[in-house]
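Residue 82 in numbering that gives the first Met the number 0 sits at position 83 of the sequence shown, and the numbers go up by one each step. Report on the following structure.
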Amino acid sequence: MQNEQLVQLAVDALEDLKAKDITVIDVRGKTSVTDFMVIASGTSSRHVKSLVDNVLEKVKEQGVRPLGSEGLEGGEWALLDLGDVVVHVMQVATRQFYDLERLWQGAEQSRAQHGEE
Numbered sequence: 000m001q002n003e004q005l006v007q008l009a010v011d012a013l014e015d016l017k018a019k020d021i022t023v024i025d026v027r028g029k030t031s032v033t034d035f036m037v038i039a040s041g042t043s044s045r046h047v048k049s050l051v052d053n054v055l056e057k058v059k060e061q062g063v064r065p066l067g068s069e070g071l072e073g074g075e076w077a078l079l080d081l082g083d084v085v086v087h088v089m090q091v092a093t094r095q096f097y098d099l100e101r102l103w104q105g106a107e108q109s110r111a112q113h114g115e116e
């Protein structure tokens, strides 16, 4: 699966469960750790966990084996490492505090297109 397809799969899985403020950051050339970061917010610890679980389920259905995950127990900030794509899902206050978008502001960013319902 191509990186862009994996990003879209993660974004779609997040949108399925109403993640907030989904952002995709292209970090190719900025770090050797990954190519893309997908950042989204959840409304509660349960929502954060559900969002990451849904991404995990969808990528596994497509034969992608995650390299690891962190933070699923706490639900304040969960990370799913898909290799060339890293998914961060955080509660709003945690996201504002760490402000990953500003940290990577030199990288290309795009907001996922999704409607609020």
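Just so you know, even glycine gets a beta-carbon here, dropped at the ideal spot from N, CA and C. In this text the structure is predicted, and so the values were computed from the model without any measurement.
The Cβ atoms of V58 and L71 lie no closer than 8 Å to each other. The alpha-carbon of L55 is positioned some 8 Å away from that of P65.
By the CB criterion at 8 Å, V63 and L16 fall outside the cutoff. If you check the CB distance, R94 and G74 do not come in under 8 Å. In the structure shown, V51 falls within a helical segment according to DSSP collapsed to helix, strand and coil. Secondary structure at V84: strand, using DSSP grouped into helix, strand and coil.
L71 carries a coil assignment under DSSP once its states are collapsed to helix, strand and coil.
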